[in-house]
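Numbering (this note's numbering), first residue to last: 3 to 690. Glycine is no exception: its CB is placed at the ideal position from the N, C-alpha and C atoms. Quantities reported herein were computed from a predicted structural model and do not represent experimental measurements. Inspection log for the structure reproduced underneath, given as structure tokens.
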Ligand code: ADP
Ligand code: MG
């Protein structure tokens, strides 16, 4: 058995389980091993009842002190059990588990683990897990992996299959030469994978994670540096002059550029007309107005007789950009022809667009990764803009650049990174920053609340909709609930139903999530953009770039589950127009730490400050759970948390490129194979 062995060959995995794995994008043993735990459950020492804290998940060691009492409400059985230790009493409530009446003997000692909540005047624990004391002893202080699951596949089953895979899978030999492992103090790949799934200690887990993060950074940086070596200091083969088109466009715009936009546009103009090919990153927080700057660069390109391409990470965003640009062309009577190219178009539609691109009729070309497919032949590609670019692999950028004769490259990004990191991640890209929001913006009003606030929030939402505004509601899950003993997670499907019931019947509520077909996704998005939908209940698919200025409320359920930087991106979907906007972060847990973490968002609007504060507050078991930035495509690594390791990987890459750039030495053979595969993988576009 090796990494490419189909998952169905594991013992116990039949057709049904195979399908469930398919839903998680796991088809081979290797993919199963790469499905790292989402986080780890830490079974803390049991506490005395008097020390147990409301709102927290805790374990108490106590005796059953009364006879279990069962009530029935229609089909629901409610079992109340009283427990006690020498410091206090606690009520347990179980739903539809009448058999526990017999199991829980009066006077018997157990460990009960669950969330403590006040209910009226008594403290209760709902649906706690029950352990025999010796069973709990074995678990205490262990890190038990928790995987991303799908309905029908339990966490225990996942653990079982991963163990089996680890036992029988033959790993490839270590890809790094021993000197590299030693210099960077890395453990072997095999040990890292084993430990990440079943860590003995937290220290071991940290070492394992470190190795996996190093791998990601190393291959990313290696591939990027190698491709940059090719186009460093390229001569500008598309020298452009400023024509009247851009100035006229700016005059017609209903708003003036901000000073920051003005400055960046100036830098871009100089690049386009300069000696060398442009290679520039424009960084600007959400809502700072990056699109218009990209549009100006595209117009200047088209006015000079070249084609300009704009590539977005999702179809939804590509279509939105296309509509914006087409709107400008119509409204301002521009003489250019925009076309859209995305994967979900029919073969005929695509052929037509390919034709227009090849003969040069289309000069503003907007799309997704479909823009870099082989069939697309450009006539004179002068500029490539990538929006929110790190969803693209390095290889994709390279492929697109190869389609033109070294087109100018402009990268737009909302991920705030300090200059030192930018230099490592983007190499000799020049950096422009839009560090100012348009003046007409009212600051967003934020609040962090618990679930008891929901009725108030729904009334508020109904009020905003009545005033003609629109609303986003974000849930962490698509359907079902994989919380497994943790806190309940809201899901898009059920939540939309709940909202329809809570809001007046005239309010149009719709769902959006990543498991929908691309065509359906963009249909819903377009309906939201043209206001046939009032309330959009969505997963984080809307996180990147979506611009609907009429939307004024962003409500995020289970906000405790998201990285703060991600919440900041979500918040950026509102406050994009003239109306006062609001953000409601709903936390399902009331731990002081969770609230404190979310309070950071309340106090600051500075993306980088938010991201770095978030890291300081992360607890154990959260090494993998929280994704910082939607933009960088690292699975495990985090450019903020792992900034030191990023630097180390960067130095290792530089040394290797200096010594043996083509990896021709025998000791680098395995590394060459590994990086080759990594390059292939980065072409696989993972659409959300
Ligand atoms: P982002 O930087 O997040 O990509 P967008 O480019 O989508 O932001 O711009 C957000 C909104 O701000 C858009 O509706 C855009 O038309 C508007 N906008 C851009 N520049 C200005 C400006 N200088 N003044 C007023 N509104 C602006
Ligand atoms: Mg944008």
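Shortest alpha-carbon distance to residue i belongs to which of the options?
i: residue 128; options: 167, 81, 611; result: 81
i: residue 285; options: 666, 421, 593, 97; result: 421
i: residue 298; options: 268, 319, 463; result: 268
i: residue 303; options: 639, 366, 518, 506; result: 366
i: residue 583; options: 279, 357, 68, 449; result: 449
i: residue 514; options: 526, 521, 190; result: 526
i: residue 404; options: 384, 496, 36; result: 384
i: residue 213; options: 660, 650, 659; result: 650
i: residue 611; options: 138, 287, 121; result: 287
i: residue 661; options: 182, 338, 311; result: 182
i: residue 192; options: 132, 175, 208; result: 175
i: residue 132; options: 44, 64, 603; result: 64
Since residue i and residue j should fall inside the 8 Å C-beta cutoff, what is the C-beta to C-beta distance between them, to a whole number of angstroms?
i: residue 12; j: residue 167; result: 6 Å
i: residue 434; j: residue 255; result: About 20 Å; that fails the 8 Å criterion.
i: residue 248; j: residue 301; result: 5 Å
i: residue 431; j: residue 463; result: Not confirmed; about 42 Å, so no contact.
i: residue 586; j: residue 319; result: With a Cβ gap of about 24 Å, residue 586 and residue 319 do not count as contacting.
i: residue 278; j: residue 238; result: 6 Å
i: residue 555; j: residue 466; result: 5 Å
Tell me the rounded alpha-carbon separation between residue i and residue j.
i: residue 394; j: residue 315; result: Only weak support is given to the placement of residue 394: the predicted model assigns it a pLDDT of 48, under 50, and the value that follows is read from those uncertain coordinates. The straight-line gap from Cα to Cα measures roughly 7 Å.
i: residue 677; j: residue 221; result: 6 Å
i: residue 479; j: residue 215; result: 26 Å
i: residue 70; j: residue 84; result: 7 Å
i: residue 345; j: residue 369; result: 9 Å
i: residue 599; j: residue 566; result: 8 Å
i: residue 593; j: residue 210; result: 29 Å
i: residue 690; j: residue 90; result: Legend: pLDDT at residue 690 = 21, less than 50; position of this residue unreliable, value from coordinates given subsequently. C-alpha separation (whole angstroms): 50 Å.
i: residue 330; j: residue 336; result: 7 Å
i: residue 665; j: residue 682; result: 17 Å
i: residue 151; j: residue 26; result: 7 Å
i: residue 260; j: residue 437; result: 10 Å
i: residue 96; j: residue 73; result: 11 Å
i: residue 289; j: residue 454; result: 31 Å
i: residue 557; j: residue 327; result: 29 Å
i: residue 537; j: residue 322; result: 18 Å
i: residue 307; j: residue 428; result: 29 Å
i: residue 258; j: residue 123; result: 59 Å
i: residue 92; j: residue 569; result: 36 Å
i: residue 360; j: residue 275; result: 25 Å
i: residue 54; j: residue 158; result: 27 Å
i: residue 205; j: residue 5; result: 27 Å
i: residue 108; j: residue 68; result: 6 Å
i: residue 487; j: residue 98; result: The predicted position of residue 487 is uncertain, since its pLDDT is 48 and thus under 50; no value can be drawn from it.
i: residue 630; j: residue 417; result: Residue placement at residue 630 is flagged as unreliable, the pLDDT there being 45, under the threshold of 50; a coordinate-derived value is accordingly withheld.
i: residue 19; j: residue 169; result: 20 Å
i: residue 227; j: residue 401; result: 15 Å
i: residue 34; j: residue 675; result: 21 Å
i: residue 272; j: residue 243; result: 10 Å
i: residue 30; j: residue 604; result: 43 Å
Considering only the beta carbon of each residue, do residue i and residue j sit closer than 8 Å?
i: residue 669; j: residue 179; result: yes
i: residue 149; j: residue 40; result: yes
i: residue 540; j: residue 476; result: yes
i: residue 38; j: residue 198; result: yes
i: residue 647; j: residue 423; result: no
i: residue 519; j: residue 544; result: no
i: residue 57; j: residue 94; result: no
i: residue 111; j: residue 135; result: yes
i: residue 87; j: residue 66; result: no
i: residue 59; j: residue 116; result: yes
i: residue 493; j: residue 589; result: no
i: residue 553; j: residue 460; result: no
i: residue 381; j: residue 362; result: yes
i: residue 292; j: residue 414; result: yes
i: residue 142; j: residue 47; result: yes
i: residue 498; j: residue 481; result: no
i: residue 517; j: residue 511; result: no
i: residue 311; j: residue 373; result: yes
Taking 7 Å as the cut-off, does the CB of residue i come closer than this to any heavy atom belonging to the ligand COA?
i: residue 290; result: Of the ligands this structure carries, namely the ligand ADP and the ligand MG, none is the ligand COA.
Check whether the region 376-388 touches the region 347-363, counting contact only when three or more Cβ pairs, one atom from each stretch, lie closer than 8 Å.
Enough Cβ pairs lie closer than 8 Å, so yes.
If contact is defined by three or more beta carbon pairs under 8 Å, each pair taking one atom from either stretch, is the region 550-568 in contact with the region 576-595?
Contact holds: three or more Cβ-Cβ distances are below 8 Å.
Contact between the region 638-647 and the region 655-663: three or more CB pairs below 8 Å?
No contact exists between the region 638-647 and the region 655-663.
Determine, using beta-carbon pairs with one atom in the region 577-590 and one in the region 439-448, whether at least three such pairs fall under 8 Å.
The answer is yes - the region 439-448 touches the region 577-590, with three or more Cβ pairs under 8 Å.
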